[in-house]
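Following: one structure in structure tokens, then a few remarks.
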Amino acid sequence: IGVLAAMLLPALSAARESSRSVTCSNNLRQFGIGLQSFAERNDGVMCSGAFNWYWDGPITEVGWVADLNNFGTPVGEMLCPSNPAETAEAISQFVETPVSSLTGDDCVERKGSKATTLPDGTTQKNPCRELIEGGYAPLSSQRVNLAINKLFEKSFNTNYTASWFLARGGVVLEDGELTSDRPTDCPASLKSRNSTKGPLNQALLDASPVSNVTVPLLGCGTTAGVLRVDVGEYLQAGTQYVYSMTGGPRENPTMQTPATTGMPKDGAIGVGWWATWNATVQDYRAFAPVHQRTCNILFADGSVRAFTDENDDDFLNSGFTPSAANPFQSDELELAEEKVFSGYKIQGE
609 IGVLAAMLLP ALSAARESSR SVTCSNNLRQ FGIGLQSFAE RNDGVMCSGA FNWYWDGPIT
669 EVGWVADLNN FGTPVGEMLC PSNPAETAEA ISQFVETPVS SLTGDDCVER KGSKATTLPD
729 GTTQKNPCRE LIEGGYAPLS SQRVNLAINK LFEKSFNTNY TASWFLARGG VVLEDGELTS
789 DRPTDCPASL KSRNSTKGPL NQALLDASPV SNVTVPLLGC GTTAGVLRVD VGEYLQAGTQ
849 YVYSMTGGPR ENPTMQTPAT TGMPKDGAIG VGWWATWNAT VQDYRAFAPV HQRTCNILFA
909 DGSVRAFTDE NDDDFLNSGF TPSAANPFQS DELELAEEKV FSGYKIQGE
């Protein structure tokens with residue numbers, strides 16, 4: 609009996625994981641339909657941003673999770689069942705980030721919509737505004753209760769990660785240098801909406817030489833950290849959360865943002881900005897191979913495909929050379945350019 613059980617257990621485990629992967633793929637397909645529906649209602653813009661309070665804005669009003677959830681797709685009830693992470697970076701920000709960090713600049717509107725007065729005279733606020741105006745301390749019961757009542761009970765949660773292309777669209781360059789439309793107060797950053805073209809637009813895809821079959825939108829998320837507080841019956845302290853989006857175009861192998869200040873357009877990599885930006889590789893470390901070494905990814909054509917971590921280093925390499933500056937164990941190409949686009953911009957010059 610013991611021998612028979614030993615023979616059956618791996619098969620049962622594989623069958624369970626196969627079922628979980630199918631559920632995950634179906635979730636992503638539904639999200640794809642939701643993003644297309646959003647685009648049809650919003651002049652081709654596929655979403656309003658990443659699910660990230662700090663970089664994008666109030667998480668019940670801005671970001672792909674809010675976009676889908678507010679129009680009938682209960683994103684928080686559609687988690688990847690294989691991912692050990694059960695929540696998102698935005699939830700960590702909501703329960704842990706000091707109010708001073710959320711109000712210390714005006715690079716992003718983080719309060720969101722104004723309060724409204726209901727017919728009975730009571731005031732209604734979105735949870736991000738309520739938290740900031742209430743001055744609720746990090747990890748406090750006020751924050752936890754707000755998260756339970758206004759986020760989790762209304763399906764504002766996910767363990768999927770958006771691609772940088774979906775959330776940011778492309779870089780804004782001035783003479784080859786990454787710039788911010790508000791440089792004095794809001795430094796240039798690949799994460800910032802002020803330095804990028806905004807969420808992906810269907811018109812940009814249609815005009816691009818890049819096939820939408822290769823442009824990723826969402827995928828199984830990599831663990832970014834752990835929560836430091838229980839959130840009711842939904843999450844325990846120590847629960848892992850995923851990154852809100854992938855890292856964008858990075859230098860190979862340093863994984864840094866290209867430093868092209870003062871470079872002319874012409875010249876070799878490191879000398880001319882055109883060659884330097886064109887040599888960048890998309891950082892997809894925030895997509896995780898959680899399904900027995902495979903990761904499910906949704907693409908702009910609506911398809912969902914699985915990609916395998918061939919060398920078992922827990923990352924999917926899109927073309928980086930292994931070095932002390934990055935976590936890749938080999939140069940094995942797991943996200944080939946012809947399958948997953950890895951350039952720094954979708955639209956050609």
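Each residue of the sequence shown is one higher than the one before, starting from 609 at the first, in the working numbering. Virtual Cβ for every residue (Gly too), placed ideally from N, Cα, C.
Item to complete: Identify every run of the alpha helix (DSSP H) within the region 709 to 756, keeping only runs that are complete inside it and at least 4 residues long; order them along the chain.
Response: Runs of alpha helix (DSSP H) with 4 or more residues, each lying fully within the region 709 to 756, are found at 735 to 742, 749 to 754, listed in chain order.
Discussion item. Starting from ILE699, trace the alpha helix (DSSP H) in both directions and tell me its first and last residue.
Written reply: Note, ILE699: alpha helix (DSSP H), 697 to 704.
Worksheet entry | Endpoints, alpha helix (DSSP H) assigned at VAL779 | Looking at the DSSP string, VAL779 is not in any alpha helix (DSSP H), and its letter there is neither H nor E.
Practice prompt. Output the residue ranges of the alpha helix (DSSP H) runs that lie fully inside the region 857 to 890 and measure 4 residues or longer, sorted by chain position.
Written response: The region 857 to 890 contains these whole alpha helix (DSSP H) runs: 881 to 886.
Practice prompt. Just list the beta strand (DSSP E) runs in the region 619 to 700, keeping only unbroken ones of 3 residues or longer that don't cross its boundaries, in chain order.
Written response: Given a length threshold of 3 residues, the region 619 to 700 has no whole run of the beta strand (DSSP E) inside it.
Fill in: Sequence-distant residues of its chain with Cβ nearer than 8 angstroms to LEU747 (five each side left out)
The residues are VAL703, GLU704, ARG836, VAL837.
Worksheet entry | Euclidean distance between Cα positions of GLY777 and GLY806 | Roughly 5 angstroms separates the two Cα atoms.
Worksheet item: What do you reckon, are the CB atoms on LEU676 and VAL670 nearer than 9 angstroms?
Response: No.
Item to complete: Taking GLY735 as the reference, give the member of GLU697, ASN678, THR668 with the closest Cα.
Response: The displayed chain sequence assigns Pro, not Gly, to residue 735. Taking only the C-alpha atoms, the option nearest PRO735 is THR668.
Item to complete: Would you kindly work out how many angstroms separate the C-alpha atoms of GLY870 and SER788, rounded to a whole number?
Response: Cα atoms of GLY870 and SER788: separation of roughly 16 angstroms, rounded to the nearest angstrom.
Worksheet item: Per DSSP, what kind of secondary structure is GLN810 in: helix, strand or coil?
Response: Secondary structure at GLN810: helix, using DSSP grouped into helix, strand and coil.
Fill in: Same chain only: Cβ atoms within 6 angstroms of LEU798, ignoring 5 sequence neighbours per side
Sequence-distant Cβ neighbours of LEU798 in its own chain, meaning closer than 6 angstroms and more than five residues away, are GLY856, THR865.
Worksheet entry | Rounded straight-line distance, which links the Cα of GLU717 to that of PHE764 | Each residue's Cα considered, the two are about 19 angstroms apart.
Worksheet item: In this structure, does DSSP put ASN820 in helix, strand or coil?
Response: Annotated three-state conformation of ASN820 is helix, per DSSP.
Practice prompt. Inspect the CB distances between the region 937 to 956 and the region 799 to 818 and report whether three or more fall short of 8 angstroms.
Written response: Counting C-beta pairs closer than 8 angstroms gives three or more between the region 937 to 956 and the region 799 to 818, which meets the contact rule.
Worksheet item: With 16 as the cutoff for other CB atoms within 10 Å, does LYS758 come out buried or exposed?
Response: So LYS758 ends up on the buried side.
Worksheet item: Nearest-angstrom Cα distance between PRO861 and SER926?
Response: Between PRO861 and SER926, the C-alpha separation is close to 11 angstroms.
Worksheet entry | Cβ neighbours of LYS873 in the same chain (closer than 7 angstroms, five flanking residues each side left out) | Answer for LYS873: GLY784, GLY880, TRP881, TRP882, listed in chain order.
Fill in: Closer than 8 angstroms: TYR842 CB and nearest the ligand ZN heavy atom
The ligand ZN is not among the ligands present in this structure, which contains no ligands whatsoever.
Practice prompt. Report buried or exposed for SER708, applying the criterion of at least 16 other Cβ atoms within 10 angstroms of its Cβ.
Written response: Counting Cβ neighbours within 10 Å, SER708 comes out exposed, since fewer than 16 surround it.
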